[in-house]
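One structure below.
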Amino acid sequence: MSNLFVFGFSDVDAAQRARQEVLDLQRRKLIEIDDIVVVENRDGKIQLHQASTAAAGAVGGAVWGGLIGLLFFMPLLGMAVGAGAGALSGKSVDVGVDDKFMRELGQNLAAGQAAVFVLVRKATRDKVLKELADWNTWVIQTSLSEEDERQLAAALHAKA
439 MSNLFVFGFS DVDAAQRARQ EVLDLQRRKL IEIDDIVVVE NRDGKIQLHQ ASTAAAGAVG
499 GAVWGGLIGL LFFMPLLGMA VGAGAGALSG KSVDVGVDDK FMRELGQNLA AGQAAVFVLV
559 RKATRDKVLK ELADWNTWVI QTSLSEEDER QLAAALHAKA
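Mapping of the sequence shown onto the numbering used here: residues 439 to 598, in sequence order.
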């Protein structure tokens with residue numbers, strides 16, 4: 439089961455840096471995420487900055503298309519068709535945090551502020567908290583229990 443964390447930031451640059459730090463934590467195998475999105479309130483207009491699933495779909499489609507193409511002695515054609523179909527399906531599938539929910543929460547941000555939505559599957563809690571302590575952020579919402587959410591907020595404010 440995944441947990442949702444929404445952190446607020448004073449500007450989109452800080453939120454983008456935080457997003458990159460979470461991705462670095464994932465590369466270091468300290469956290470496994472299902473989704474990460476930066477939501478920006480640009481003078482009342484909410485913008486979502488999320489990774490494209492089209493590229494992943496294209497790669498998967500090319501692999502499957504190539505394998506199917508081998509069966510019919512046309513691997514290059516199979517790869518091309520599979521990549522195209524995979525890209526289209528990857529682009530049309532919305533996984534992770536619901537876009538409508540993110541836009542609604544984004545309306546609560548002041549103009550110029552941003553939030554990072556992180557859907558976490560698994561994390562090494564103490565090491566990740568140590569990294570988060572350097573962020574200048576606040577907790578907007580989580581799916582944690584009230585007590586765990588208080589502990590998270592306290593850990594973030596301990597260094598501030």
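Every residue, glycine too, gets a C-beta built ideally from N, C-alpha and C.
8 Å contact criterion, which residue i and residue j should meet: CB distance rounded
{"i": "Gln579", "j": "Val444", "result": "4 Å"}
{"i": "Glu459", "j": "Lys560", "result": "Not confirmed; about 17 Å, so no contact."}
With 16 other Cβ atoms within 10 Å as the buried cut-off, status of residue i
{"i": "Arg455", "result": "exposed"}
{"i": "Arg588", "result": "exposed"}
{"i": "Met439", "result": "exposed"}
{"i": "Asn479", "result": "buried"}
Bounding residues of the beta strand (DSSP E) (the contiguous stretch that carries residue i)
{"i": "Arg480", "result": "Ile469 to Arg480"}
{"i": "Leu557", "result": "Ala552 to Ala561"}
{"i": "Gly446", "result": "Asn441 to Phe447"}
Cβ-Cβ distance between residue i and residue j below 8 Å
{"i": "Val554", "j": "Ile484", "result": "no"}
{"i": "Val535", "j": "Leu442", "result": "yes"}
{"i": "Val450", "j": "Ala552", "result": "yes"}
{"i": "Trp573", "j": "Leu557", "result": "no"}
Range covered by the alpha helix (DSSP H) that runs through residue i
{"i": "Val460", "result": "Val450 to Arg465"}
{"i": "Gln545", "result": "No alpha helix (DSSP H) contains Gln545, which DSSP labels as neither H nor E."}
{"i": "Leu590", "result": "Glu584 to Ala596"}
Candidates the options, of which the one nearest residue i by Cα
{"i": "Leu547", "options": "Arg457, Val476 and Lys467", "result": "Val476"}
{"i": "Phe447", "options": "Val558, Leu570, Gln464 and Leu582", "result": "Leu570"}
{"i": "Leu468", "options": "Ala453, Glu542 and Asp564", "result": "Asp564"}
{"i": "Thr575", "options": "Glu584, Leu543 and Ala596", "result": "Ala596"}
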